[in-house]
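Here's the structure we're looking at; comments come further down.
Protein chains in written order, with our numbering: chain A, 32 to 123; chain B, 2 to 563.
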């Protein structure tokens, strides 16, 4: 990936946040509404889905915060070379 | 009779799993738009931030073999397994970042074999390049087979369908997005695997009554209380004598095996070469060392818990397995993690745990493929077969080679399925290539007189001696139970390589000094080893030496505490 303005469209922190956010949300909902005593017994009395879900949402928020506070920047003094070529390159 | 590993996965687990794969392929697709030159494809255009390459650095190694193998070791040997991390990996990673990276990154080589060629000429280069390429295809096959095997065990898919589906997914993102896609997916994999294993560990500890409960149960079990202290680790090394055991751990595992693996294995070094500056490249392995120190807690401890809490692995079963006999339950230590997941995780969390495991298998294979295509294209194709073509040609070759390598990996996966033990041996053998490689590199980087002939003759002699020790221990001529054989083999390879290299250097002519600038310590001007300390690389917290010291202190504390 070359460093250029479009790099901001691909910030891996946001992809991590997306993954954690979706997983966290699903797990939290499972843990809140779709949990029976059998599940709780199985996991030694811990509501694993709920706690893991909340934990993931927390880390999701951290990654979003990081990406917002320190956005990707284009390093100065680097001409956006081979910018147009990137779009055209194809798999042969 | 094998233990029943079929996990009770339901629709929600499959949805979570599918979501992960959508992201994986999406990363491949997005990364492809940024690939326009061969440098973009093979080395991510040397543009990635240090935390990304740092996490990828350990994720590339946190593959199937590592996760399953280390939890199996945890179930069998207990805490001494942590040596693979604290004595093994961490010091070697610090050494790579502080001492060796200036030569790799500073000399602008594109691969470890290329460094070999510039320092020692073509023979050493070919020995290194070809053995590396062959090893990667075989290991990719082993990863693929293990992956298919787990899918088969957990979800009941037929083996051949799992092989094809897994290979197709890995191929599509590595061939499209090159190293960037592999690296970003490794970062994502790291997140999922921690997200899966950390809750598993915590719930497991609840189950056995906390750390104290685990300690009591292990002390009372077949392993005894020595499984709770990392030193001296007699069960792990197979040496009865404490002093020899510690020596084996520090010199064999810590110095030779691990330094060899972490500092010369291109799968790892490639991640650092993708960093955007000298400072970021140096920080790559050091940043990776921070999580690496704590991975034992989420890999080894679940194994230890499985050894006391999973019916199929505890009590008489553990005793039988430790004595190298089959357990009455039919389970093996390799299944420790899977059995613990089956016993503890509810649906939902289960899907994420499966995603994490599959992710780690795929990342391992993608790492093999992305380093193989670089070495093959730059070091074999461009150097010896088709020189001086335009850059787009090599980018195309890289993509085609990735496809061919995937097909080859499917074939080696098939070999692995019929000769499972053979693959284990091969793994071990290839790990031996790294020990002499480290000896040759370290001599070559700091001793300017060392000659080209010494480079390849030392390498071959070292490898041969490792193979001899391996054959002796495997055939039972020299009895070393546990994993002591590997430590002795690596030690022998290292010593023989040094001795032979010095001897050959004495009778051959060194390369002229001007050809070694940037490759040898004493001939490299200080400026070209220096990193930038401005802009994105400024600040004490981005200083590799400071970071490395912090890691070192924490590691020592961990060693004392456990």
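Don't be surprised by glycine CBs; every beta carbon is placed ideally from N, CA and C.
CB residue i to CB residue j, shorter than 9 Å?
i, j, result
"residue 341 (chain B)", "residue 311 (chain B)", "yes"
"residue 413 (chain B)", "residue 455 (chain B)", "no"
"residue 275 (chain B)", "residue 54 (chain B)", "yes"
"residue 213 (chain B)", "residue 81 (chain B)", "no"
"residue 560 (chain B)", "residue 269 (chain B)", "no"
"residue 204 (chain B)", "residue 438 (chain B)", "no"
"residue 164 (chain B)", "residue 446 (chain B)", "no"
"residue 544 (chain B)", "residue 43 (chain B)", "no"
"residue 52 (chain A)", "residue 91 (chain A)", "yes"
"residue 459 (chain B)", "residue 505 (chain B)", "yes"
"residue 169 (chain B)", "residue 145 (chain B)", "no"
"residue 436 (chain B)", "residue 399 (chain B)", "no"
"residue 407 (chain B)", "residue 172 (chain B)", "yes"
"residue 339 (chain B)", "residue 154 (chain B)", "yes"
"residue 195 (chain B)", "residue 21 (chain B)", "no"
"residue 362 (chain B)", "residue 64 (chain B)", "yes"
"residue 70 (chain B)", "residue 335 (chain B)", "yes"
"residue 188 (chain B)", "residue 56 (chain B)", "yes"
"residue 181 (chain B)", "residue 35 (chain B)", "yes"
"residue 290 (chain B)", "residue 98 (chain B)", "yes"
"residue 511 (chain B)", "residue 451 (chain B)", "yes"
"residue 349 (chain B)", "residue 222 (chain B)", "no"
"residue 123 (chain B)", "residue 113 (chain B)", "no"
"residue 355 (chain B)", "residue 8 (chain B)", "yes"
"residue 177 (chain B)", "residue 66 (chain B)", "no"
"residue 88 (chain B)", "residue 259 (chain B)", "yes"
"residue 380 (chain B)", "residue 179 (chain B)", "no"
Please report the Cβ distance between residue i and residue j, rounded to the nearest whole angstrom; I am assuming they are in contact, meaning their Cβ atoms lie under 8 Å.
i, j, result
"residue 352 (chain B)", "residue 14 (chain B)", "3 Å"
"residue 125 (chain B)", "residue 457 (chain B)", "4 Å"
"residue 77 (chain B)", "residue 322 (chain B)", "7 Å"
"residue 90 (chain B)", "residue 287 (chain B)", "Their Cβ separation, rounded to whole angstroms, is 12 Å, which puts residue 90 (chain B) and residue 287 (chain B) out of contact at 8 Å."
"residue 285 (chain B)", "residue 58 (chain B)", "5 Å"
"residue 88 (chain A)", "residue 55 (chain A)", "4 Å"
"residue 152 (chain B)", "residue 158 (chain B)", "5 Å"
"residue 524 (chain B)", "residue 138 (chain B)", "The pair is not a contact, with the Cβ atoms about 36 Å apart (cut-off 8 Å)."
"residue 277 (chain B)", "residue 33 (chain B)", "In fact, because the Cβ distance is near 20 Å, the residues do not count as touching under 8 Å."
Among the options, whose alpha-carbon lies nearest the alpha-carbon of residue i?
i, options, result
"residue 24 (chain B)", "A:54, A:60, A:46, A:65", "A:46"
"residue 453 (chain B)", "B:516, B:44, B:105", "B:516"
"residue 93 (chain B)", "B:64, B:47, B:283", "B:283"
"residue 262 (chain B)", "B:207, B:16, B:488", "B:488"
"residue 77 (chain A)", "B:526, B:285, B:201", "B:201"
"residue 208 (chain B)", "B:303, B:246, B:174", "B:303"
"residue 359 (chain B)", "B:138, B:121, B:191, B:512", "B:191"
"residue 121 (chain B)", "B:441, B:399, B:136", "B:441"
"residue 75 (chain B)", "B:521, B:297, B:520, B:394", "B:297"
"residue 386 (chain B)", "B:496, B:372, B:127, B:434", "B:127"
"residue 117 (chain B)", "B:267, B:393, B:182", "B:267"
"residue 444 (chain B)", "B:468, B:495, B:472", "B:495"
"residue 500 (chain B)", "B:384, B:463, B:319", "B:463"
"residue 357 (chain B)", "A:43, A:65, A:50", "A:50"
Is it buried or exposed for residue i, if we count other Cβ within 10 angstroms and need 16 for buried?
i, result
"residue 162 (chain B)", "exposed"
"residue 542 (chain B)", "exposed"
"residue 466 (chain B)", "buried"
"residue 554 (chain B)", "exposed"
"residue 115 (chain B)", "buried"
"residue 48 (chain A)", "buried"
"residue 11 (chain B)", "exposed"
"residue 18 (chain B)", "buried"
"residue 122 (chain A)", "Because the pLDDT of residue 122 (chain A) is 37, which lies under 50, any placement of that residue in the model is unreliable, and the question is left without a value."
"residue 102 (chain A)", "exposed"
"residue 31 (chain B)", "buried"
"residue 96 (chain B)", "buried"
"residue 547 (chain B)", "exposed"
"residue 96 (chain A)", "exposed"
"residue 111 (chain A)", "Confidence at residue 111 (chain A) is low in this model, with a pLDDT of 41, below 50, so the placement of that residue should be treated as unreliable; the coordinate-derived value is given next. Looking at its Cβ environment, which holds fewer than 16 other Cβ atoms inside 10 Å, residue 111 (chain A) is exposed."
"residue 134 (chain B)", "buried"
"residue 116 (chain A)", "Only weak support is given to the placement of residue 116 (chain A): the predicted model assigns it a pLDDT of 38, under 50, and the value that follows is read from those uncertain coordinates. Under this definition residue 116 (chain A) is an exposed residue."
"residue 344 (chain B)", "buried"
"residue 390 (chain B)", "exposed"
"residue 45 (chain B)", "buried"
"residue 109 (chain B)", "exposed"
Give the DSSP bridge partners of residue i, in chain order.
i, result
"residue 180 (chain B)", "Paired residues: none, contrary to the question."
"residue 276 (chain B)", "B:49"
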